[in-house]
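Numbering (mature numbering (1 follows the signal peptide of the UniProt record, and there is no 0)), first residue to last: -22 to -1, 1 to 313.
Heads up, the beta-carbon is just placed ideally off N, CA and C, and yes, glycines get one too.
The structure appears below as structure tokens.
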Amino acid sequence: MPTRRAALALASAPLWPAPLWPAPLWPTAIRSAKAQSGWPAARPIEIFVGFSAGGGVDVMARAVAPFLTNLLPGARFVIVNRPGAGGQLGHEAAANAAADGYALGATTMPGLVSHPIERPVRYRAADLTYLANVVDDPCALFVRPESPYRTLADVIAAGRARPEVLTYGLTGIGSDDHLTMFRFEAATGARLTHVPFPGIGQMLPQVFSGQVDLAAMNVSEALPFVREGRLRGIGQAAAARWPGLPDLPTYREQGVDVLGSASRGFVGPAGLPPEITERLLAAFTAMLADPAFLREAERLAMPLRPVLGADYRAMALAMDAELRALWQARRWTQG
């Protein structure tokens, strides 16, 4: 008989299409379309976002686009939302686009590297063209204001006394929030039930109504609802308190040695021409040092962590190695 954890996860999981096996990995010269002359003015550059509008990845992409437009004369950017499968659909759309500079992906890690570990996807993380990480957004737990849970100790006690009864919402299996909660359970012995949603727009009404007990989400995404009094924080999985929520204690302050965050940035398909890659890297480098962009990031409550080019790729591959070891120890898709 299925557990309550499995039943809840199945009932609320998005209706994803059947998994697709990886496409044949043709030589780069065959798979990559030749960059069009006149880039970037020939047509709009699409930025694929694997989540619905209003989430952290979407906010970042829409904030960045105007600055890139100013730094790349003739460029026009269009945000294309492809929500589903915890960001996988957006990642696949960007990875399988022609390598001509007219399609980029707004990504989130660990999802970009965790999804190929746990299920078939139509890309290989190591093959992508890494441009820039922009945001590092700590994971956190939130509840509705009237919730009886006020500290991590309360959540741990409930998760130990009544295993798999307490529920938490999140946006995707293998996401940063899911893996942080996975580590939280391992560190504390609490057992909760995860309820995945395609985006925070679908998750939060269930939290506000009490149908789901906790929201596992990033601090920047929760900030507007905390300010409105619709959410109350339990703890943030950061090394130090994020200035946007200075009164929210970290997990470590509450005796739980767990860190977790969403690293959000931009990639291109494999085989992106070097001249286009170099121009994009130069634009991201200039943008991330621009005082006007820094002010906009602060206004939008985007915690910044600039990592560019080869360093961004190294960061992704290091995370991939860590998660593959974690997967061997315990598969997070098994609950």
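If we count the other Cβ atoms within 10 Å of its Cβ and call it buried at 16 or more, is residue i buried or exposed?
| i | result |
| --- | --- |
| arginine 54 | exposed |
| valine 112 | buried |
| methionine -22 | With a pLDDT of only 41 at methionine -22, under 50, the local geometry of the prediction cannot be trusted, and the value read off the model is given with reservation. It counts as exposed. |
| alanine 279 | buried |
| glutamine 66 | buried |
| valine 56 | exposed |
| threonine 86 | buried |
| glycine 52 | exposed |
| glycine 188 | exposed |
| glutamate 276 | exposed |
| arginine 309 | exposed |
| proline 174 | buried |
| residue 324 | Outside the displayed range of the chain (-22 to 313) lies residue 324, so it cannot be described from this structure. |
| alanine 84 | buried |
| glycine 64 | buried |
| glycine 246 | buried |
| proline 281 | buried |
| aspartate 235 | exposed |
| glutamate 163 | buried |
| proline -1 | Only weak support exists for where proline -1 lies, its pLDDT of 37 falling under 50; the coordinates are left without a value. |
| glutamate 206 | exposed |
Please state whether the Cβ-Cβ distance between residue i and residue j is less than 8 Å.
| i | j | result |
| --- | --- | --- |
| valine 197 | leucine 223 | yes |
| isoleucine 25 | alanine 43 | yes |
| leucine 119 | glycine 213 | yes |
| arginine 122 | alanine 168 | no |
| leucine 148 | alanine 194 | yes |
| tyrosine 108 | tyrosine 290 | yes |
| glutamate 96 | threonine 228 | no |
| glutamine 232 | alanine 131 | yes |
| asparagine 59 | tyrosine 101 | no |
Given residue i, which residues of its chain have a CB within under 6 Å of its CB, disregarding the five upstream and five downstream residues?
| i | result |
| --- | --- |
| threonine 6 | Reliability of the predicted coordinates at threonine 6 is poor, the pLDDT of 37 falling under 50, and the value obtained from them is presented with this limitation in mind. Gly249. |
| serine 241 | Met87, Asn111 and Asp114 |
| leucine 226 | Gly211 and Gln214 |
| methionine 159 | Ala194 |
| leucine 144 | Ala136, Gly137, Leu170 and Asp191 |
| serine 153 | Gly64 and Gly89 |
| valine 133 | Tyr127 |
Got a sec, what are the start and stop residues for the alpha helix (DSSP H) residue i sits in?
| i | result |
| --- | --- |
| glutamate 96 | 89 to 96 |
| phenylalanine 306 | Strictly speaking, residue 306 in this sequence is glutamine, with phenylalanine absent from that position. Residues 287 to 307. |
| asparagine 48 | 34 to 49 |
| glycine 246 | No alpha helix (DSSP H) holds glycine 246; the beta strand (DSSP E) holding it covers 239 to 246. |
| leucine 259 | 252 to 266 |
| threonine 107 | Not the alpha helix (DSSP H): threonine 107 falls in the beta strand (DSSP E), residues 107 to 121. |
| arginine 138 | 130 to 139 |
| threonine 158 | 154 to 166 |
| glycine 179 | 178 to 186 |
| leucine 272 | 269 to 277 |
Just to confirm the assignment, what range does the beta strand (DSSP E) spanning residue i have?
| i | result |
| --- | --- |
| valine 58 | 55 to 59 |
| proline 174 | 171 to 174 |
| phenylalanine 29 | Phenylalanine 29 -> no beta strand (DSSP E), and no H or E assigned at all. |
| methionine 195 | 192 to 196 |
| glycine 211 | 210 to 214 |
| glycine 65 | Where glycine 65 is concerned, there is no enclosing beta strand (DSSP E), given that its DSSP letter is neither H nor E. |
| threonine 145 | 145 to 148 |
Regarding residue i and the ligand ZN, is the C-beta to nearest heavy atom distance less than 7 Å?
| i | result |
| --- | --- |
| glycine 188 | Absent from the structure shown: the ligand ZN. Ligands present: none. |
Once the 5 residues before and after residue i are set aside, which same chain residues still bring their CB inside 7 Å of it?
| i | result |
| --- | --- |
| threonine 263 | Leu286 |
| glutamate 199 | Gly33, Gly34 and Ile178 |
| alanine 11 | For alanine 11, the predicted model reports a pLDDT of 38, less than 50, meaning its position is unreliable and no value from the coordinates is stated. |
| glutamate 261 | Contrary to the premise, residue 261 reads as alanine rather than glutamate in this sequence. So the list reads Leu46, Leu49 and Leu50, once near-sequence residues are dropped. |
| alanine 103 | Leu90, Val91, Pro94, Ala294 and Asp298 |
| proline 141 | Arg169 |
| tryptophan 220 | Pro116, Val197, Gln214 and Pro281 |
Leaving out the 5 sequence neighbours to the left and right, which residues in its chain are closer than 8 Å to residue i when beta-carbon positions are compared?
| i | result |
| --- | --- |
| arginine 283 | Asn111, Val112, Val113, Asp114 and Ser241 |
(message) For the segment 74 to 93 against the segment 21 to 30, do three or more pairs of beta-carbon atoms, one drawn from each stretch, fall closer than 8 Å, so that the two count as touching?
(response) The segment 74 to 93, when compared against the segment 21 to 30, does touch it at the 8 Å Cβ threshold.
(request) Flag this pair as touching only if the segment 174 to 194 and the segment 29 to 44 have three or more C-beta atom pairs under 8 Å; answer yes or no. (result) These segments touch.
(request) Answer yes if the segment 120 to 138 comes into contact with the segment 265 to 273, meaning at least three C-beta pairs across the two stretches below 8 Å, and no otherwise. (result) No, they do not touch.
(message) With a threshold of 8 Å, are at least 3 pairs of Cβ atoms found where one atom belongs to the segment 282 to 302 and the other to the segment 85 to 103?
(response) Yes: the two stretches touch, three or more of their Cβ pairs being nearer than 8 Å.
(message) Assess contact between the segment 249 to 263 and the segment 32 to 39, defined as three or more Cβ pairs (one per stretch) separated by less than 8 Å. Is contact present?
(response) Result no; under three Cβ-Cβ pairs closer than 8 Å.
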